[in-house]
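The listed protein sequences derive, respectively, from chains A and B. Anchor point for the first sequence: position 110 equals 662 in the working numbering, and the numbering is continuous, going up by one each time. Anchor point for the second sequence: position 662 equals 663 in the working numbering, and the numbering is continuous, going up by one each time. Cβ coordinates follow ideal geometry from the N, Cα and C atoms, glycine included. Only a predicted model underlies this, so the values are computations on that prediction, with no experimental measurement involved. Notes follow the structure.
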Amino acid sequence: MSQEEIGSLRVKVRREYLPFYKDLLKRKIFKEHNEFFTFCSCVGKSAPLEGQQPPLIELCQAYTFKEDQRTVLKTLVYNRKHEVVSINEMFASAEILADNGFTKLLNSTLQDLVFVNSDGEVSLNPGKERELQVALSKYVSHKMVEVPF
Amino acid sequence: MIIQSLTLQHFRQFYGVQKLIFGSEEDEIVTVILGENGRGKTGIYRAMIFGLYGDQKLEQDSSDASLTLTNTKALQEDFESNRSGVESKVIVEFLHEGKAYSIERSLFSIMDEKGKVIERVQHVILSDKENSQTIQDEVMVNEWMDNILDTRVKDYFFFDGERIERLTRAAVEQRNEISSGIKNLLKIDHLLKAKKVLGHLQKQTTKELQKHSTGDYQKKLQEKIEIEENVEEIYQKKELLLQRLSKNESILAEIEKKLNSYKGKLSEIERREELEKQLQKEEQEAEYAFQRLQEFNQTLPYMLAKNTLYSVKSQIDAYLGEEITDVSISVELINQLLEDLICICGNTFKDDSSEYRALKSLQKAAGYKLDKAAYFELKANIMKLIGFVEDKETQLQHLLEQFEREEQEVEDLRAQIEAVNRKLKDTKIEDLDQLNEKRENVYDERANARHELQELDEQLIQLNNQKEQNQLALTNLKVKSGVHMQLVEKQNELEKSIKAMDELILGFEADVISELEMLSTQNFKYLLDESGQMNIKSVQVEKDYSLEVLNVYNHPFLANISQGQRQVLSLSFITALAQVAGGTNTLEMPLFMDTPFGRLSGKHQNNLLDFIPNVCSQWILLVTDREFGSSEREQFISRGQVGKFYRLDSTEPSVTKIIEESLQTV
């Protein structure tokens with residue numbers, strides 16, 4: 553799907569989570585926002601898609617997502633809705649999954665690696681880059697050997 | 002610069018007035034000065050550096066060691082006669098851009114009853130022989146010399162062979178100095194200065210504009226000024242930090258030198274040195290392992306989605322039902338064929354024939370596929386991803402284990418160094434204990450300063466982002482502002498000029514670096530022996546002009562090469578620098594080498610003797626008997642490149658005579 557087809561659609565995250573996304577890029581852990589967003593969507597894949605959601609702000613443009621990343625997001629959403637949905641609906645659902653995934657990570661893997669300020673903004677503690685890298689890799693490695701139910 | 006002569010008066014071992022004339026004729030550019038250890042080879046090297054730059058100490062001298070440059074015999078004679086003091090002197094005569102100059106520096110020294118010598122600089126005179134003009138102000142003379150050969154890179158052209166390999170080991174902080182020196186040599190700093198002037202003008206214009214504007218535009222201009230001031234402040238802080246780090250490096254070098262005197266007595270010092278070398282190597286390996294793990298990050302989401310991919314594929318399979326015929330022609334074409342009752346091969350058929358039924362079934366399949374295209378597409382993409390993630394678990398596991406192993410090795414080495422440090426802090430040798438404690442403190446301070454530098458760099462990135470946003474806002478507001486158009490235009494032009502200048506500098510530097518890389522690689526390959534050539538693929542020149550060597554697999558290899566190879570690498574870079582700086586001609590600069598062949602293998606040495614006279618305009622060699630044996634002599638004689646040959650002879654204590662000889666009759 554080309555940039556023209558996707559248009560100027562923006563992908564959003566919770567305001568409090570944005571500094572952490574930026575830290576990941578600044579500390580070169582991920583190269584683009586779409587990578588960690590897709591990661592979080594996979595972590596939060598079982599989040600309820602209905603109900604009230606927190607307000608979100610722009611993270612990046614939807615066209616920056618690569619085809620494989622869009623396939624993953626489409627698959628996650630299909631698994632919940634059992635139908636192929638439009639690109640707008642897909643990203644809207646993925647935003648909910650990613651938000652849930654981030655919250656899950658925040659309460660587990662990321663717990664000792666982040667700093668949450670009085671406004672609730674999350675940022676990566678300086679000097680914790682290596683620990684974070686290992687934690688994320690191990691998280692995936694463990695998930696791969698877990699029984700999927 | 003071509004050095005014509007060096008005159009020494011009561012300087013180091015050289016009693017009285019003695020003079021060396023250097024070979025500089027077109028095909029006799031080599032001067033060989035042969036002397037055993039202690040005969041004054043380094044004295045000549047000192048005289049040259051003192052004469053040209055006024056340095057009374059060399060890098061290898063410890064800062065607190067008392068070093069007397071005046072000849073001991075002359076001082077003793079003065080002490081025994083009228084005690085009026087001794088004048089020692091160095092005169093360097095040289096040609097620069099076809100004009101003849103000389104620099105004369107003298108010292109006044111006197112010795113007291115206890116044998117203590119007081120020595121101070123007496124005068125410096127730079128003479129332009131053609132115009133009979135002189136400069137006697139030391140600062141001006143030094144500035145003038147800096148214009149010919151920047152003091153920060155003089156070590157590249159006047160060096161002690163034993164230390165030349167250290168150019169490849171320079172710490173980050175020293176690299177900054179060297180890099181500025183190289184930029185000066187390559188005339189890049191002229192462009193940088195021009196950019197600075199434009200930047201200053203732009204700042205003034207912005208302030209003027211801000212005074213004459215109103216509302217949001219004025220606010221944004223104020224913001225711009227503040228951002229620029231913050232950026233400037235950060236650069237100043239960085240400068241101070243770099244100075245601090247550079248000072249730390251000198252203190253550390255000093256401490257190491259003192260610690261070396263205990264080397265034989267305490268095996269722990271050698272052990273620590275060894276461990277620290279290993280640590281450096283392991284840290285590098287751990288860094289590579291970390292980078293490999295990081296590169297894998299974009300694959301992690303696909304792995305996490307693996308089960309869902311399988312599950313959704315099954316769901317889509319179930320939804321789409323049985324396998325259907327693969328349809329490679331369009332629905333429109335099938336409809337047309339059915340309407341015309343003509344087969345694709347041109348034959349006609351009837352509406353109850355088997356061909357008709359086959360086409361009808363194809364029509365159904367094609368219609369179905371069109372209807373469910375999104376599902377088919379998703380399924381195809383899922384299958385592609387499933388194939389991609391198949392063996393990724395093992396790969397990730399391997400990368401993780403590799404990284405953890407390297408990290409563990411680093412941790413172990415750190416613990417071992419810590420243990421050695423503890424032992425060394427408690428040797429009951431007071432000096433040694435203090436030295437080790439000081440060493441650790443400097444290490445801590447260095448780590449802190451480096452961390453602060455990193456933070457400043459991050460702040461700079463943020464400020465540059467703000468600057469971009471501010472610039473965007475200003476461009477939008479400018480149209481509506483109605484401010485003084487002349488000022489706006491002036492600012493526009495300055496911005497354009499700075500941008501153009503930036504592009505010019507970047508382009509020029511990139512060209513220079515790639516040329517340096519190409520020539521360094523070429524020179525290095527030429528100078529290396531066969532085994533070196535097999536292992537090493539190319540020389541990489543980094544943005545700060547530090548060097549890296551890549552092996553045949555394109556991996557960094559500098560940490561693994563020998564000291565001799567490092568010497569050869571340094572020489573390859575220096576000659577490349579001379580080639581690039583010289584442009585189409587050979588750079589008019591001497592290569593002055595004190596004991597250059599000590600660590601080189603026979604093959605490397607032969608290659609150097611072949612190579613250097615072809616790429617420099619003057620080569621002055623200070624050698625020992627061991628370095629300059631009969632084969633080297635014959636090699637030089639056969640090439641006919643030696644213009645002058647001298648032997649340093651010790652005639653009595655503290656006195657060395659410079660004797661000119663013919664190379665053929667030695």
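Nonlocal neighbours in the same chain, by C-beta distance under 7 Å from residue i, ignoring five residues either side
i, result
"residue 495/B", "199, 202, 203 and 206"
"residue 293/B", "400"
"residue 551/B", "538, 539, 541, 557 and 558"
"residue 283/B", "407, 410, 411 and 414"
"residue 505/B", "192"
"residue 460/B", "235"
"residue 62/B", "68"
Simplified DSSP state of residue i, which is helix, strand or coil
i, result
"residue 612/A", "strand"
"residue 660/B", "strand"
"residue 671/A", "coil"
"residue 400/B", "helix"
"residue 392/B", "coil"
"residue 647/B", "strand"
"residue 189/B", "helix"
Residue i, buried or exposed, once every other Cβ within 10 Å from all chains shown has been counted against 16
i, result
"residue 79/B", "buried"
"residue 679/B", "With chain B covering only 2 through 667, there is no way to say anything about residue 679/B."
"residue 618/A", "exposed"
"residue 68/B", "exposed"
"residue 157/B", "buried"
"residue 155/B", "buried"
"residue 622/A", "buried"
"residue 304/B", "buried"
"residue 416/B", "exposed"
"residue 221/B", "buried"
"residue 447/B", "buried"
"residue 693/B", "For residue 693/B there is no data in the structure shown, the boundaries of chain B being 2 and 667."
"residue 597/A", "buried"
"residue 607/A", "exposed"
"residue 119/B", "exposed"
"residue 358/B", "exposed"
Residues that residue i bridges to, as DSSP identifies them
i, result
"residue 581/B", "Its beta-bridge partners do not exist; DSSP assigns none."
"residue 557/B", "551/B"
"residue 129/B", "102/B and 134/B"
"residue 71/B", "12/B"
"residue 291/B", "Paired residues: none, contrary to the question."
"residue 29/B", "26/B"
"residue 594/B", "160/B and 622/B"
"residue 428/B", "Note: residue 428/B sits in no beta bridge, so no partner."
"residue 112/B", "118/B"
"residue 563/A", "612/A"
"residue 541/B", "549/B"
"residue 97/B", "100/B"
Cβ-based neighbour list, residue i, same chain, cut-off 6 Å, excluding 5 preceding and 5 following
i, result
"residue 46/B", "595"
"residue 549/B", "541, 557 and 559"
"residue 139/B", "125"
"residue 592/A", "650, 653 and 654"
"residue 652/B", "658"
"residue 232/B", "464"
"residue 559/A", "none"
8 Å Cβ shell around residue i - same chain, five flanking residues per side excluded
i, result
"residue 701/A", "With a pLDDT of 49 at residue 701/A, under the threshold of 50, the modelled position of this residue cannot be trusted; read the value that follows with caution. Closer than 8 Å at the Cβ level, and outside the excluded window around residue 701/A, lies no residue."
"residue 664/B", "33, 634, 637, 638, 643 and 646"
"residue 528/B", "569, 572, 573, 605, 608, 609 and 612"
"residue 617/B", "30, 576, 579, 587, 588, 590, 591 and 592"
"residue 612/A", "562, 563, 584, 585, 586 and 589"
Under 8 Å, CB to CB, which of the residues in the stretch 578-598 of chain B have a partner in chain A? Taking 8 Å as the Cβ-Cβ cut-off against chain A, none of the residues of the stretch 578-598 of chain B qualify.
If the cut-off is 8 Å on Cβ atoms, which residues from the stretch 626-649 of chain A count as contacting chain B, listed in chain order? Within the stretch 626-649 of chain A, the qualifying residues are 626, 627, 628, 630, 631, 634 and 636.
Any residues in the stretch 393-421 of chain B with a beta carbon nearer than 9 Å to a beta carbon of chain A? Which ones, in chain order? Listed by position, the residues of the stretch 393-421 of chain B near chain A (Cβ gap below 9 Å) are 393, 394, 397, 398, 400, 401, 404, 405 and 408.
If the cut-off is 7 Å on Cβ atoms, which residues from the stretch 286-304 of chain B count as contacting chain A, listed in chain order? The stretch 286-304 of chain B vs chain A, Cβ under 7 Å: 291, 294, 295, 298, 299, 301, 302, 303 and 304.
Tell me which residues of the stretch 221-242 of chain B have at least one Cβ-Cβ distance to chain A shorter than 9 Å, keeping chain order. Within the stretch 221-242 of chain B, no residue qualifies.
Mind listing which residues of the stretch 369-390 of chain B have their C-beta closer than 7 Å to chain A's C-betas, in chain order? Contact annotation: in the stretch 369-390 of chain B, residues whose CB is within less than 7 Å of a CB in chain A are 375, 376, 379, 382, 383 and 386.
Using a Cβ-Cβ cut-off of less than 7 Å, give me the residues of the stretch 662-684 of chain A that come near chain B, in sequence order. From the stretch 662-684 of chain A, only 682 have a Cβ closer than 7 Å to chain B.
Can you give me, in chain order, the residues of the stretch 602-616 of chain A that have a beta carbon less than 9 Å from any beta carbon in chain B? Cβ contacts with chain B: none found.
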